[in-house]
Amino acid sequence: CSTSRLNFKPVLRRNNMLAEVVEKLKKTELQAASPAHCYTGPGDVECDFCTGRKLKAIKSCLMCQASFCETHLKRHYEVPGLKKHKLVNAYSHLQEKICSQHDKAIEIYCHTDQSYICYMCKMHEHRGHDTVAAVAERSEKQVRKRNLLHSVHALSQASPPDSERIFNELNCSIEKKRCEVRDLIRDQEKAELSRAEGLLDQLKKEIADLKRRDTELEQLSHTEDHIQFLQVTNSVSATEEPTPPQVSIMTLHKKRLEEFWRVEFNKIPPQGKRSHPAVKHNDGNLYLLSDRVKKLTLDPNTAHHSLSLSEMNQLVTWSREVQPYSDHPERFDYWAQVLSKESVCGCCYWEVERISGEWVFISVSYKDISRKGQGNDCGFGFNSQSWSLVCSSTLSFCHNNFQIKIRDPPPTRIGVYVDHSAGILSFYRVSDTVTLLHTVHTTFTQPLYAGFWLASGSTVRLCDPK
């Protein structure tokens, strides 16, 4: 200021040129940042080679057992030795895809043991087994699943008309039988009415005759001639007692009709249930469809050390001598139990012969049942994983630690029937005739395995059906 001689600072203003440069730089950075370069968030797999703040991994290497972001993954595309490594989508649990025994990538499926293995397992532990590449197995299962869905869809489309047709035929048959029975009842009613009318006429005649005789006897009682009285009395024949009319005939026919309908309607399965396709009763005999009979063997890897297997693993005996079984994660280590090697799916039937022993549990069980320890989760029939027919001096059924007593005496030969999809489990007494002991209706969520729980000195055999 020329007057006060004071100096003032200039007013701050926007530098338009510098602001435009900064704005362009921000846009350039946003365009350069790709989705693969964003930082990890909840549920993302982080790059194992980023320092500081981790970037999100886009691929995982099964050979390196590490996950890489886009920047650190470039070496796998550039270095010749790394190009052969197996890359998969980013996965946080890489150890699950590596064989714990050989540290090799798991990429083979074994049909024999139903497990996933590496190529080293195929050459040694699983040598000679039925194996296939995991990719091929997946493709085959996808095709089977797709075909199954098509079959189910086609069946669902065809079932309603077919069911309606069968129901209409059954309804017509019942209506026809109803009309026949109605006509039969009417004819029988007419016949019985006619007979009743005949009996009534006969009774009227007998009453008239009795009245006439009563009049004669009344007149005779007043006569004073004793000789005449005796002569007339001797000439009068004794009147037979009239036969009462058979008015109970309709009651008899009613009972016969009720018995007829009871027998006929018992032939129709209850609603919501269907008869066993593999097990049919006829005059006490059991008929089996050959494709439903299941041949089972016992799995030595599940047998307790006190159980001895013989006869091609179809006979099991409780033994005081400890059996030289190797340690195995599927072996029962406390209870004297054993499971079958084959699973039970679809409709299956097998028979068991109880040879000796104080008691034995004849069971079916999921494979997930616990094997170690003495808790209820390990014992057949004492958990939700298993069902058992308990044969001792008495007979009972046990499931989930709940026992149902069965009045029948314990059998020597037992038939077991499973319809997995329908949720049916049945136990039968098998001899010259067949008797149903107990049936369970439930929902099976896993494949079933046959099993035994033996007491001291017991012996049980899996046998061919009679």
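Per the UniProt record's numbering: the sequence shown = residues 1 to 466. Built from N, CA and C at the ideal position, the CB exists for glycine as well.
Next on the checklist: Contact between the stretch 326-337 and the stretch 395-413 is defined here as three or more beta-carbon pairs at a separation below 8 Å; is this criterion met?
Outcome noted: Touching, no, given that fewer than three Cβ pairs across the two stretches are closer than 8 Å.
Item to check | Sheet register partners of C391 (DSSP bridge) | outcome: On the sequence shown, residue 391 is found 391 positions in, with the first residue counted as 1. Under DSSP, C391 forms a beta bridge with V360, L395.
Checklist entry - Going by beta carbon distance, what residues of the same chain come within less than 6 Å of S363, once the five residues before and after it are set aside? => result Walking along the sequence shown from the start, residue 363 turns up at place 363. So the qualifying residues of the chain are F380, S386, S388, G451.
Item to check | Integer-rounded CB distance, given that A90 should sit under 8 Å from A57 | outcome: As a first step, residue 57 is located in the sequence shown; it is residue number 57 there, counting from the start. As a first step, residue 90 is located in the sequence shown; it is residue number 90 there, counting from the start. So it is a contact: roughly 4 Å between Cβ atoms.
Checklist entry - Relative to the alpha-carbon of E321, which residue among S456, S67, H76 has its alpha-carbon at the smallest distance? => result For the purposes of this step, residue 321 is taken as the residue at position 321 of the sequence shown. Among S456, S67, H76, the Cα nearest to that of E321 belongs to S456.
Checklist entry - Can you pull the DSSP bridge partners for G451? => result For the purposes of this step, residue 451 is taken as residue 451 along the sequence shown, with counting starting at 1. Beta bridge pairing from DSSP links G451 with L339, S363.
Checklist entry - To which residues of the same chain is residue 468 closer than 6 Å at the C-beta, ignoring the five residues directly before and after it? => result The structure shown does not extend to residue 468, since the chain is modelled only from 1 to 466, so the question has no answer here.
Checklist entry - Between H124 and S392, what straight-line distance do the alpha-carbon atoms span, to the nearest angstrom? => result Working through the sequence shown from its first residue, we reach residue 124 at position 124. Working through the sequence shown from its first residue, we reach residue 392 at position 392. Cα to Cα, H124 sits roughly 45 Å from S392.
Item to check | the stretch 97-117 touching the stretch 60-67, judged by at least three CB pairs closer than 8 Å | outcome: yes
Item to check | Exposure of V11, with buried meaning 16 or more beta-carbon neighbours within 10 Å | outcome: As a first step, residue 11 must be located in the sequence shown, where it is residue number 11. Around the C-beta of V11, fewer than 16 other C-beta atoms lie within 10 Å, and the residue is accordingly described as exposed.
Next on the checklist: Can you give me the C-alpha to C-alpha distance between T435 and D299, rounded to a whole angstrom?
Outcome noted: Reading the sequence shown from its first residue, position 435 is the one you call residue 435. Reading the sequence shown from its first residue, position 299 is the one you call residue 299. Cα to Cα, T435 sits roughly 30 Å from D299.
Item to check | Under 9 Å between C-beta atoms of R371 and T297 | outcome: Residue numbering aside, residue 371 sits at position 371 when the sequence shown is read from its first letter. Residue numbering aside, residue 297 sits at position 297 when the sequence shown is read from its first letter. Result no, Cβ atoms of R371 and T297 do not sit closer than 9 Å.
Next on the checklist: Measuring CB atoms only, is the stretch 349-367 touching the stretch 410-423, in the sense that at least three cross pairs come out at less than 8 Å?
Outcome noted: yes
Next on the checklist: Using a Cβ-Cβ cutoff of less than 8 Å, which residues in the same chain neighbour G373 once the five nearest sequence positions on both sides are dropped?
Outcome noted: Walking along the sequence shown from the start, residue 373 turns up at place 373. Excluding positions up to five away in sequence, the list reads D333, Y334.
Item to check | Cα-Cα separation between W318 and R127, rounded to whole angstroms | outcome: As a position in the sequence shown, residue 318 is number 318, starting the count at 1. As a position in the sequence shown, residue 127 is number 127, starting the count at 1. So the two alpha carbons sit approximately 33 Å from each other.
Checklist entry - Under 9 Å, do F427 and F397 count as touching if we go by C-beta distance? => result By 1-based counting over the sequence shown, the position of residue 427 is 427. By 1-based counting over the sequence shown, the position of residue 397 is 397. Cβ distance < 9 Å, so F427 and F397 count as in contact.
Next on the checklist: Runs of 3 residues minimum, wholly inside the stretch 96-172: which ones carry the beta strand (DSSP E) assignment?
Outcome noted: 108-110, 115-117, 131-133
Checklist entry - Do you know offhand how far S67's Cα is from T51's? => result Within the sequence shown, residue 67 is the residue found at index 67, counting from 1. Within the sequence shown, residue 51 is the residue found at index 51, counting from 1. Between S67 and T51, the C-alpha separation is close to 14 Å.
Next on the checklist: Would R429 and E353 be called neighbours here (beta carbons separated by less than 9 Å)?
Outcome noted: Here the question's residue 429 lines up with position 429 in the sequence shown. Here the question's residue 353 lines up with position 353 in the sequence shown. Against a cut-off of 9 Å, the Cβ pair of E353 and R429 comes out as no contact.
Checklist entry - I355: buried (16+ other C-beta within 10 angstroms of its C-beta) or exposed? => result Start at 1 with the first residue of the sequence shown, and residue 355 comes out as number 355. Result: exposed.
Item to check | For G198 and E240, the rounded distance between their alpha carbons | outcome: For the purposes of this step, residue 240 is taken as the residue at position 240 of the sequence shown. For the purposes of this step, residue 198 is taken as the residue at position 198 of the sequence shown. Residue placement at E240 is poorly supported in this model, since its pLDDT is 45, which falls under 50; the coordinates are not used for a value here.
Checklist entry - My guess is that H420 and C345 are in contact by the Cβ rule of under 8 Å, so how many angstroms apart are they, rounded? => result Along the sequence shown, read from residue 1 onward, the residue named residue 420 stands at position 420. Along the sequence shown, read from residue 1 onward, the residue named residue 345 stands at position 345. Contact flag correct, Cβ pair sits at about 5 Å.
Item to check | Distance between E192 and C179 (C-alpha atoms, nearest Å) | outcome: Position 179 of the sequence shown, counted from the start, is the residue given in the question as residue 179. Position 192 of the sequence shown, counted from the start, is the residue given in the question as residue 192. C179 and E192: Cα-Cα distance of roughly 20 Å.
Next on the checklist: Below 8 Å on the Cβ atoms is my contact criterion, and I expect L454 with V440 to pass it. Report the Cβ-Cβ distance as a whole number of Å.
Outcome noted: Within the sequence shown, numbered from 1, the residue matching residue 454 stands at position 454. Within the sequence shown, numbered from 1, the residue matching residue 440 stands at position 440. Actually they do not touch by this definition, with Cβ atoms about 22 Å apart.
Item to check | Cβ separation of C99 and H72, assumed to be a contact under 8 Å, to the nearest whole Å | outcome: Here residue 99 refers to the residue found at position 99 of the sequence shown. Here residue 72 refers to the residue found at position 72 of the sequence shown. 26 Å between Cβ atoms; not a contact.
Checklist entry - Can you tell which of S326, Y417, D368, G375 has its C-alpha closest to the C-alpha of W350? => result Position 350 of the sequence shown, counted from the start, is the residue given in the question as residue 350. Here the closest residue by C-alpha is Y417.
Next on the checklist: Would you say the beta carbon of R182 is closer than 8 Å to some non-hydrogen atom of the ligand FAD?
Outcome noted: Absence of the ligand FAD from the depicted structure is noted, as is the absence of any ligand whatsoever, leaving it without description.
Next on the checklist: Comparing C-alpha positions only, which one of T40, L94, C463 sits nearest to E311?
Outcome noted: As a first step, residue 311 must be located in the sequence shown, where it is residue number 311. Ranking T40, L94, C463 by Cα distance to E311 puts C463 first.
Checklist entry - Would you report the Cα separation of L55 and K86, rounded to the nearest angstrom? => result For the purposes of this step, residue 55 is identified with residue 55 of the sequence shown, where counting begins at 1. For the purposes of this step, residue 86 is identified with residue 86 of the sequence shown, where counting begins at 1. Computed Cα separation, rounded: 21 Å.
Next on the checklist: According to DSSP, is H76 part of a helix, a strand, or is it coil?
Outcome noted: Here residue 76 is taken as the residue at index 76 of the sequence shown, counted from 1. Reduced to three states, the DSSP call for H76 is helix.
Checklist entry - On the three-state DSSP scale, how would you describe V181? => result If you number the sequence shown from 1, residue 181 lands on position 181. If DSSP states are grouped into helix, strand and coil, V181 belongs with the helices.
Next on the checklist: Between the alpha carbons of K122 and P329, how many angstroms are there, rounded?
Outcome noted: For the purposes of this step, residue 122 is identified with residue 122 of the sequence shown, where counting begins at 1. For the purposes of this step, residue 329 is identified with residue 329 of the sequence shown, where counting begins at 1. About 21 Å.
Next on the checklist: My assumption, with CB atoms under 8 Å, is that V293 sits in contact with P465. Please give the rounded CB distance.
Outcome noted: For this step, residue 293 is matched to residue 293 along the sequence shown. For this step, residue 465 is matched to residue 465 along the sequence shown. So it is a contact: roughly 6 Å between Cβ atoms.
Next on the checklist: Quick check on DSSP: helix, strand or coil for R354?
Outcome noted: Taking the sequence shown and counting its residues from 1, one reaches residue 354 at position 354. Strand.
Checklist entry - Mapping DSSP to helix, strand and coil, what is R461? => result The sequence position of residue 461 within the sequence shown is 461, counting from 1. R461: strand per DSSP, three-state reduction.
Next on the checklist: Considering Cα atoms alone, identify which of N16, L200, Q314, S308 is closest to C324.
Outcome noted: If you number the sequence shown from 1, residue 324 lands on position 324. The sequence given here has Pro at residue 324, not Cys. Looking at the Cα atoms, S308 is the closest of the given residues.
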